[in-house]
Structures are given as structure tokens and as C-alpha cells.
Amino acid sequence: MSHNPYTPQSNSPGQLPNQGGGASASSKVKGPALGMLISTSVGMLLALLGLALNILGLSLFAVAADQAPTPEFASVVGQGVAGLIQGLIGLIGGGVIIFGCIKMMKLQSYGFAFTTSILAMIPCISPCCLLGIPFGIWGLVVLNDPLVKNSFK
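Going left to right, the sequence shown walks through residues 7 to 159 as my numbering numbers them.
Written out as C-alpha cells, the structure is:
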């Protein structure tokens, strides 16, 4: 008997039809990883700008330090310090997210890639959470795919 080319081919256990191994998983994680990478990079640039403006603002207010302290002055200095702390947290969080996105694209460290998707959605940690939320959700959905999950090293 001859082989029928229209007969579906059997798949190995755990492999879905029309899906390859690592190449398919790599292409699935590429979209959310690049989205998080780009949005985090933009957020980090904005955080750097905010840090520069806060440092400049604090140095300008330090010139006026010879004046008697007023409640308004203390409020402005407090806001500047809070802005510096927020900018530093954004830069550190952004660095972790970028590192995790690179790991995700290389299909390395599933747990870290999963954590990266969650971190991208947290407003105080992610430097650009408005864009990080949809990309983080997309990343979590893709990472929960059994094909993708099994492709990580």
C-alpha cells in the first residue's frame, strides 16, 4: 500500500499539531519580551530625565537655603527627595525587567521570565507601567503555554 500524503502525521507526545519545538516557543515569547523591553527602555529614559530634573531642582532650592525655612520650601524639598527615590526605583526595576526580557527571549530561566512579566505590570517598580500592563499580561499568557513552558532551559 502506498502512503497517503493527506493523512495526518502522528505527533510526538506533548507536541501540538503544526507546532515545532524551540523555534516556535522562541517566536511566541519574542513579541511580549520585545514589547516589555521597548516600553521599559522608554520608561527608563523618562526616569533618567525625572532624576535630572529633580537633582537640578534640589540644587536650585539649595541655593535659597540661606533664607528662613518655610513649610512650602520643606514641601518642595520633600517632593524632590520622593522623586529621586521613585526615579532610582524605576531605574533599578527597569534594569531587572530588561535583564528578564533578554532571558525570556533566550528561553532561559522560566521563573525569572515569569517574574519579569509580573514586575512589568507593577506601577511603582516598572518605569512605564501603562505600557507594561498589556505586555506583562501577554507575557504571562504566552509563558503559561505548555509548549513554551517546556522549551525553557
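For glycine and all other residues, C-beta sits at the position ideal for the given N, C-alpha and C. All figures in this text were calculated on a predicted structure; none of them were measured in a lab.
| message | Below 8 Å on the Cβ atoms is my contact criterion, and I expect G99 with S132 to pass it. Report the Cβ-Cβ distance as a whole number of Å. | response | Start at 1 with the first residue of the sequence shown, and residue 99 comes out as number 93. Start at 1 with the first residue of the sequence shown, and residue 132 comes out as number 126. Contact between G99 and S132 holds, since their C-beta atoms are separated by about 6 Å, short of 8 Å.
Rounded to the nearest angstrom, what separates S157 and S32 at their Cα positions? Against the sequence shown, residue 157 aligns to sequence position 151. Against the sequence shown, residue 32 aligns to sequence position 26. S157 and S32 have their alpha carbons spaced roughly 8 Å apart.
Using the rule of at least 16 other Cβ atoms within 10 Å of the residue's Cβ for burial, across every protein chain shown, is I91 buried or exposed? Counting from one through the sequence shown, the residue named residue 91 turns up at place 85. Exposed: under 16 other Cβ atoms inside 10 Å.
*asked:* I believe T122 touches M42 by the beta-carbon criterion, under 8 Å. Please report the beta-carbon distance rounded to the nearest angstrom.
replied: For this step, residue 122 is matched to residue 116 along the sequence shown. For this step, residue 42 is matched to residue 36 along the sequence shown. Yes, T122 and M42 are in contact; Cβ-Cβ is about 7 Å, under 8 Å.
What three-state label does DSSP hand K159 in the structure shown? Within the sequence shown, residue 159 is the residue found at index 153, counting from 1. Here K159 sits in coil by DSSP.
- prompt: Excluding the five sequence neighbours on either side, which residues of its own chain have a C-beta within less than 6 Å of the C-beta of K34, listed in chain order?
  reply: To locate residue 34, count along the sequence shown from 1; it is residue 28. Cβ neighbours of K34 beyond the five flanking positions: V148 and V154.
Alpha carbon to alpha carbon, what distance is there between A39 and I108? The residue given as residue 108 occupies position 102 in the sequence shown. The residue given as residue 39 occupies position 33 in the sequence shown. C-alpha separation (whole angstroms): 8 Å.
Query raised in the report: For L97, which option in K112, T46, P140 and V87 has the closest C-alpha, if you only look at C-alpha atoms?
Result: On the sequence shown, position 91 is the one that residue 97 refers to. The option with the nearest alpha carbon to L97 is T46.
* Under the rule that 16 or more other beta-carbon atoms within 10 Å means buried, what is G26, buried or exposed? -> In the sequence shown, residue 26 corresponds to position 20, counting from 1. In this predicted model, G26 has a pLDDT of only 46, less than 50, meaning its place in the structure is not dependable; the value taken from the coordinates is given anyway. That one is exposed.
_Could you tell me the alpha carbon to alpha carbon distance between W144 and A58, rounded to whole angstroms?_
On the sequence shown, position 138 is the one that residue 144 refers to. On the sequence shown, position 52 is the one that residue 58 refers to. Taking the Cα positions, W144 is about 33 Å away from A58.
Exercise for review: For the alpha helix (DSSP H) containing P140, list its first residue and its last residue.
Suggested key: Position 134 of the sequence shown holds residue 140. That run of the alpha helix (DSSP H) goes C135 to L149.
Open item on the list: If distances are taken between C-alpha atoms only, which option among S115, I139, G117 and K36 comes closest to A126?
Closed with: Within the sequence shown, numbered from 1, the residue matching residue 126 stands at position 120. Measuring from the Cα of A126, the nearest candidate turns out to be I139.
**Asked** Thinking C-beta only, is C134 closer than 8 Å to V48?
**Response** As a first step, residue 48 is located in the sequence shown; it is residue number 42 there, counting from the start. As a first step, residue 134 is located in the sequence shown; it is residue number 128 there, counting from the start. In terms of Cβ geometry, V48 and C134 form a close pair [threshold 8 Å].
Item to complete: Please name the residue in K36, I103 and I95 whose C-alpha comes closest to that of G56.
Response: Residue mapping note: residue 56 aligns to position 50 of the sequence shown, counting from 1. For G56, the closest C-alpha among the options K36, I103 and I95 is that of I95.
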